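Residue numbers (the working numbering): 1089 to 1371.
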C-alpha cells in the first residue's frame, strides 16, 4: 500500500467526481454556524504540482481538471468546487491541484477541526509541512482506519469522514466494509463518504453488498463513468455517502449529467444516483 502515490493521478476524472461531491458535503456543513470536524483516512500530501514528473508521466489531469478549467456555464455546485481549485493557483494559470485535505482546509472556518491520517512517510512529511501553520489541522502519520477510529466521536461532534484508499491491495475492499460499521457505532450522526474505483473486476460490488448487509441505513450512492466498461483500467468513479445532508441528491441530479458531458472519453459515459439504503421516513 505504501507504493501508491496520488501524484500520478491528481486532477483526473475520478478526482473531479470525488472532490465535487466533497465540496458539496463541506458546503452543507457550512450552512450552519456550528463548528464541524473533518477526518480523513488516506490524505496524501494535499497539494500536487501539475508540472511534476509524476503528473507529466500520466497526464491524467488533462482529461480532468484541465477540461473544467476552461469550461463555461457551470452548475452552481461545480462552480463552487472550481473556485476552490482556483484559490491555490495564481494568475488564472492551472499549475497546482488541491487534494481533499487542501479542499477541506480551504472551506474550513476558524473553529472547525481537521484530522488527517497518512501512512506513507514521504507523503505524511509533506502533509505536515503544508499545514505547519494551521492550528486547526492535525496531521497524523499512522494507519488511517486505526487513527480515525481512535478519534471517534470527535469534537466538534458534527462533521464528515472521508475514506479514500487506493484499493491497490485487494483486501482494502474488505477493510472498508469492516471499518464502516465500527465507525458508525462510535459516531452514528457523522457523515461518511467512501470513494471506490469502477474496474472490470467489479470488487466494489461485493464491498457495497457487504455494507448493505451490515444494516446501515441512509446511504446514497453516486457513480460516474467516462465510457463503457473496458477490458482493463478504471472506467468510472463511485462515492457512497452515509447520512447525506438534506437535498444532496437533488444537487447531484443537477450537476453530475453536466460533469459526464465534460469528462466523457468514449461511448457509454453516464452517471447513476441510487439509494443503497433508504433515508429515515421523516428525512
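Every residue, glycine too, gets a C-beta built ideally from N, C-alpha and C.
In this text the structure is predicted, and so the values were computed from the model without any measurement.
Taking the alpha carbon of residue 1151 as the reference point, which residue from 1169, 1097, 1202 and 1167 has its own alpha carbon closest?
Comparing Cα-Cα distances from residue 1151 to each of 1169, 1097, 1202 and 1167, the minimum goes to 1097.
Nearest-angstrom Cα distance between residue 1119 and residue 1139?
Near 36 Å, if we compare the C-alpha coordinates of residue 1139 and residue 1119.
Which runs of the alpha helix (DSSP H) fall wholly inside the stretch 1095-1179 and span at least 4 residues, in chain order?
Fully contained in the stretch 1095-1179 are the following alpha helix (DSSP H) runs of length 4 or more, in chain order: 1101-1118, 1141-1146, 1153-1157 and 1164-1174.
Unbroken beta strand (DSSP E) run spanning residue 1283, endpoints
Element bounds for residue 1283: 1279-1286.
Flag this pair as yes or no: are the beta carbons of residue 1308 and residue 1275 separated by less than 8 Å?
No, Cβ-Cβ distance for residue 1308 and residue 1275 is not below 8 Å.
Among 1187, 1366 and 1323, the one whose alpha carbon lies nearest that of residue 1211:
The candidate whose alpha carbon is nearest that of residue 1211 is 1187.
Would you list, in sequence order, the uninterrupted alpha helix (DSSP H) runs of no fewer than 4 residues that lie entirely inside the stretch 1322-1360?
The stretch 1322-1360 is shown to contain whole alpha helix (DSSP H) runs of 4 or more residues at 1336-1351, in chain order.
Mapping DSSP to helix, strand and coil, what is residue 1299?
If DSSP states are grouped into helix, strand and coil, residue 1299 belongs with the helices.
Local conformation of residue 1253 per DSSP, three classes:
Residue state, collapsed to three classes: coil.
Excluding the 5 residues flanking residue 1203 on each side, which residues of the same chain have their C-beta closer than 6 Å to its C-beta?
1127, 1226 and 1239, listed in sequence order.
Taking contact to mean 3 or more Cβ pairs, one atom from each stretch, closer than 8 Å, check whether the stretch 1352-1368 and the stretch 1292-1310 are in contact.
Short answer: they touch.
Kindly list the residues whose CB is nearer than 7 Å to the CB of residue 1157, restricted to its own chain and excluding five residues on each side of it in sequence; keep chain order.
Taken in chain order, the residues that qualify are 1182.
Beta-carbon proximity list for residue 1286, same chain, < 7 Å, skipping 5 on both sides:
Around residue 1286, the same chain offers 1292, 1311, 1313, 1322, 1323, 1324, 1325 and 1326 as residues with beta carbons nearer than 7 Å, after the five sequence neighbours per side are excluded.
Given a threshold of 16 other Cβ atoms within 10 Å of its Cβ, counted over all protein chains shown, does residue 1355 qualify as buried or as exposed?
Counting every other CB atom within 10 Å of its CB across the protein chains shown gives residue 1355 a total below 16, marking it as exposed.
Can you say whether residue 1200 is buried or exposed, counting buried as having 16 or more other CB atoms within 10 angstroms of its CB?
Classification of residue 1200: buried, given that the 10 Å Cβ count is 16 or more.
Whole angstroms are fine: how far does the CA of residue 1209 sit from the CA of residue 1171?
Computed Cα separation, rounded: 30 Å.
Does residue 1189 pass the burial test, meaning 16 or more other C-beta atoms within 10 Å, or should it be called exposed?
Looking at its Cβ environment, which holds 16 or more other Cβ atoms inside 10 Å, residue 1189 is buried.
In terms of residues, what are the limits of the alpha helix (DSSP H) holding residue 1310?
Premise fails: residue 1310 lies in the beta strand (DSSP E), 1307-1313, not in any alpha helix (DSSP H).
Inside the stretch 1189-1262 only - alpha helix (DSSP H) runs reaching at least 4 residues
Listed in chain order, the complete alpha helix (DSSP H) runs (minimum 4 residues) inside the stretch 1189-1262 are 1209-1218 and 1232-1238.
Compute the distance between the beta-carbons of residue 1137 and residue 1131, then report whether it is under 8 Å.
Their beta carbons are not under 8 Å apart, which means residue 1137 does not touch residue 1131 by this criterion.
How about residue 1214 and residue 1133: do their beta carbons lie closer than 8 Å?
For residue 1214 and residue 1133, yes; Cβs fall inside 8 Å.
Is the stretch 1327-1345 touching the stretch 1161-1171, taking contact as three or more C-beta pairs under 8 Å?
With a cut-off of 8 Å, the stretch 1161-1171 and the stretch 1327-1345 count as touching, because enough Cβ pairs lie within range.
Local Cβ density within 10 Å of residue 1303, reported as buried at 16 or more and exposed below that
Looking at its Cβ environment, which holds fewer than 16 other Cβ atoms inside 10 Å, residue 1303 is exposed.
Is the separation between the beta-carbon of residue 1272 and that of residue 1330 shorter than 8 Å?
When the beta-carbon positions are compared, residue 1272 and residue 1330 come within less than 8 Å of each other.
Exposed or buried, what is residue 1106 when buried is set at 16 or more other beta-carbons lying within 10 Å of its beta-carbon?
Buried: at least 16 other Cβ atoms inside 10 Å.
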